[in-house]
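Data block below; observations after.
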Amino acid sequence: MVCSSLLAMKPFFIEILETIGSPIKSQAVLAIFGGLQTAGAICCGICIRLIGKRQLSFLSLGLCTLSCLGLGSYLTFRPNYPWIHVTLFCLSYFAGPLGIALIPWVLIMELFPLRTRGIVSGICGACAHGIFFTTTKTYYSLVNLVGISGACYFYGTAGVVGFIYFYWDLPETEAISLEEIEQKIRKRKNSIQYQRN
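Going by our numbering, the first residue of the sequence shown is number 1, and it counts up by one from there.
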């Protein structure tokens, strides 16, 4: 979900804000984004037990996806409201750590048994950083191909696909033991295999 939380844009953010225009200094906006990411992570820690990981993931991914698609629309039509894109970027940078940036790491610790957790979390971490590297490295190519608004639409579409995937496959693990989670996943796999046969 690197795409929908706009993390691929972060290394190029000052350049992006100067290109599309910002009502305040780009460096100040970047500092605000850092504060919003911290606030989102703190809210994630507070809200995880209140509403559960599944609902928090949906909330976070939904906000990030809406901000991506909103940014795409704003950058396509370019209305003369310079605070809209800053607000949408702020929403995305708060909503990412609110759920989709942090909950996968919590799920890794909950879903894998202790004997394999170390190696599996290392593999997952390597894959996540590989995906982050790839999306960051291909950002300029994507912008050259479809423009900044097209990149936002692409990232928003990735968020929609992720939302659909999460709806079908993301288990709720709050206050549930590993054995109960395994049973739910096993039942779902058996019912899918039964439907295919």
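Glycine included, every Cβ here is placed at the ideal spot set by N, Cα and C.
Worksheet item: Below 8 Å, can you find three or more Cβ-Cβ pairs linking the segment 143-156 to the segment 31-47?
Response: Using a Cβ-Cβ distance cut-off of 8 Å, the segment 143-156 and the segment 31-47 are not in contact, since fewer than three pairs of beta carbons, one from each stretch, lie closer than that value.
Worksheet item: Does DSSP put Leu17 in a helix, in a strand, or in coil?
Response: Indexing the sequence shown from 1 puts residue 17 at position 17. If DSSP states are grouped into helix, strand and coil, Leu17 belongs with the helices.
Item to complete: Could you pull out every residue in the same chain whose Cβ sits closer than 7 Å to the Cβ of Met9, ignoring the five residues on either side in sequence?
Response: Working through the sequence shown from its first residue, we reach residue 9 at position 9. Contacts found: Ile16 and Tyr139.
Practice prompt. Using the Cα positions of Phe13 and Glu110, report the straight-line distance between them to the nearest angstrom.
Written response: Reading the sequence shown from its first residue, position 13 is the one you call residue 13. Reading the sequence shown from its first residue, position 110 is the one you call residue 110. Phe13 and Glu110 have their C-alpha atoms some 34 Å from each other.
Worksheet item: Helix, strand or coil: which one does DSSP assign to Ile103?
Response: Looking up residue 103 in the sequence shown gives position 103. It is helical.
Discussion item. Is the separation between the beta-carbon of Cys124 and that of Ile103 shorter than 8 Å?
Written reply: As a first step, residue 124 is located in the sequence shown; it is residue number 124 there, counting from the start. As a first step, residue 103 is located in the sequence shown; it is residue number 103 there, counting from the start. Their beta carbons are not under 8 Å apart, which means Cys124 does not touch Ile103 by this criterion.
Item to complete: Go ahead and pull the three-state DSSP assignment for Ser149.
Response: In the sequence shown, counting from the first residue as 1, residue 149 sits at position 149. Reduced to three states, the DSSP call for Ser149 is helix.
Item to complete: Tell me, to the nearest whole angstrom, how far the beta carbon of Gly156 is from that of Ser4; I am working on the premise that it is less than 8 Å.
Response: By 1-based counting over the sequence shown, the position of residue 156 is 156. By 1-based counting over the sequence shown, the position of residue 4 is 4. In this structure, Gly156 and Ser4 form a Cβ contact; the two beta carbons are roughly 7 Å apart against a cut-off of 8 Å.
Worksheet item: Run through DSSP, which three-state label would Glu110 get?
Response: As a position in the sequence shown, residue 110 is number 110, starting the count at 1. Secondary structure of Glu110 (DSSP, three-state): helix.
Discussion item. Helix, strand or coil, according to DSSP, for Asn80 in the structure here?
Written reply: Sequence index remark: in the sequence shown, residue 80 carries index 80 (1-based). Coil, per DSSP.
Worksheet item: Which residues mark the beginning and the end of the alpha helix (DSSP H) in which Gly34 is found?
Response: Within the sequence shown, the letter at position 34 stands for residue 34. Ser26 to Ile51 is the extent of the alpha helix (DSSP H) around Gly34.
Item to complete: Measure the CB-CB distance between Arg54 and Glu172 and report whether it falls below 8 Å.
Response: Translated into positions along the sequence shown, residue 54 becomes position 54. Translated into positions along the sequence shown, residue 172 becomes position 172. Cβ distance < 8 Å, so Arg54 and Glu172 count as in contact.
Worksheet entry | Proximity below 8 Å, CB of Pro79 to CB of Gly21 | Stepping through the sequence shown from its first residue, residue 79 is reached at position 79. Stepping through the sequence shown from its first residue, residue 21 is reached at position 21. No, Cβ-Cβ distance for Pro79 and Gly21 is not below 8 Å.
Worksheet item: Near Gly70, which residues of its chain fall below 7 Å by C-beta distance, leaving aside the five closest residues on each side in sequence?
Response: Numbered from its first residue, the sequence shown carries residue 70 at position 70. If we look at Gly70 and ignore the five residues flanking it on each side, its Cβ neighbours are Leu88.
Item to complete: Would you mind sorting Val143 into buried or exposed? The rule is 16 or more other CB atoms within 10 Å of its CB.
Response: Residue mapping note: residue 143 aligns to position 143 of the sequence shown, counting from 1. Classification of Val143: buried, given that the 10 Å Cβ count is 16 or more.
Item to complete: Under 6 Å Cβ to Cβ from Gly62, same chain only, skipping five residues before and after it: list those, please.
Response: In the sequence shown, the residue the question calls residue 62 occupies position 62. Within the same chain, Gly62 has no close Cβ partners at all.
Discussion item. Nearest by alpha-carbon distance to Leu178: which of Lys137, Arg117, Ala126 and Cys90 is it?
Written reply: Working through the sequence shown from its first residue, we reach residue 178 at position 178. The candidate whose alpha carbon is nearest that of Leu178 is Arg117.
Worksheet item: Using DSSP with H/G/I as helix, E/B as strand and the rest coil, what is Ser121?
Response: Locating residue 121 in the sequence shown gives position 121, counting from the first residue. The answer is helix: DSSP assigns Ser121 an H, G or I state.
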